[in-house]
Amino acid sequence: AQSVSQHNHHVILSEAASLELGCNYSYGGTVNLFWYVQYPGQHLQLLLKYFSGDPLVKGIKGFEAEFIKSKFSFNLRKPSVQWSDTAEYFCAVNAKNRDDKIIFGKGTRLHILP
Amino acid sequence: KAGVTQTPRYLIKTRGQQVTLSCSPISGHRSVSWYQQTPGQGLQFLFEYFSETQRNKGNFPGRFSGRQFSNSRSEMNVSTLELGDSALYLCASSGTGIIRNEQFFGPGTRLTVL
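Those protein sequence lines, which keep their order, are chains H and X. The first sequence lines up with residues 1 to 114 when you count with this note's numbering. The second sequence lines up with residues 1001 to 1114 when you count with this note's numbering.
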């Protein structure tokens, strides 16, 4: 069965700092990978996704993530965070080409200091 | 296009009662998934319905059940409520084909069990 591990439960950064949130998954086959974000008081929304092709994917609001197959990782990055990036971030995975459920990590709560 | 809607938005129940939550997916989406979100546990998958059939199921007790109607609307029922059932219950819908893997979330129903 698939599982997703997010290394940091709570991250505090100052504005303009660089961000990297770790995500590792366990599954032997090919996968689809996602990062979702939940801003305070808002719905969960898709930040970016990887289905195939270029392992470096770009999402909304300047976020990007790199799929490293050999490391089973899909880390989220942003070169310079803003106060408005304060939110909870969830990594998710599902098995490609199967009608399998999407598994989410436990989330990383990011707090940006102004 | 209207987003995923969930009703009610807030519920307060007492232990032993039962509750029914409703979800209307995005028009044209046939898959509806339900998640339980609690602090520290992230999103835990409850079940997924596709074309009125349960396609996937998470590791929750039988007190949690669901169904989907011919118009793709879905309901989730929790019987014999326990204090630990207090959570945000999220519904997500997705389309078919490759986009089946991208989920669109509703605002959630906040359930408090006293």
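By construction, the Cβ of each residue, glycine as well, lies at the ideal position given by its N, Cα and C atoms. Every value quoted in this text rests on a predicted model; they were computed, and no experiment measured them.
- Using a 10 angstroms sphere on the CB of GLN1054 (chain X), the tally of other CB atoms stays under 16, which defines it as exposed.
- Less than 8 Å separates the beta-carbon of GLN1018 (chain X) from that of SER1079 (chain X).
- Against chain X, the CB of ILE103 (chain H) has a partner CB under 8 Å away; the residue lies at that interface.
- Secondary structure note for TYR1049 (chain X): its beta strand (DSSP E) is the uninterrupted segment 1042 to 1050.
- Sequence-distant partners of LEU1114 (chain X) (beyond 5 residues in either direction) whose C-beta falls short of 6 Å from its own C-beta, in its chain, are THR1014.
- The beta strand (DSSP E) runs of length 3 or more contained entirely in the stretch 1049 to 1105 of chain X are, from start to end of the chain, 1053 to 1057, 1064 to 1068, 1074 to 1078, 1087 to 1094.
- Cβ-Cβ separation between TYR36 (chain H) and LEU46 (chain H): approximately 6 Å, consistent with a contact (criterion under 8 Å).
- Beta-bridge annotation (DSSP): GLU64 (chain H) is paired with H:LYS58, H:ARG77.
- Distance from the Cα of LYS78 (chain H) is smallest, within the candidate group H:GLU15, H:GLN6, H:GLN2, H:LYS96, for H:GLU15.
- For VAL37 (chain H), the enclosing beta strand (DSSP E) stretches over residues 31 to 38.
- Taken in chain order, the members of the stretch 24 to 45 of chain H whose beta-carbon sits within less than 9 Å of a beta-carbon on chain X are ASN32, PHE34, TYR36, GLN38, GLN42, HIS43, LEU44, GLN45.
- GLN1006 (chain X) is not a Cβ neighbour of VAL1032 (chain X), given a cutoff of 8 Å.
- According to the DSSP secondary-structure assignment, TYR50 (chain H) is paired through a beta bridge with H:LEU33.
- Using a Cβ-Cβ cut-off of 8 Å, LYS106 (chain H) counts as an interface residue toward chain X, since at least one Cβ of chain X sits closer than that to its own.
- Fully enclosed alpha helix (DSSP H) runs of no fewer than 4 residues are not present anywhere in the stretch 1007 to 1043 of chain X.
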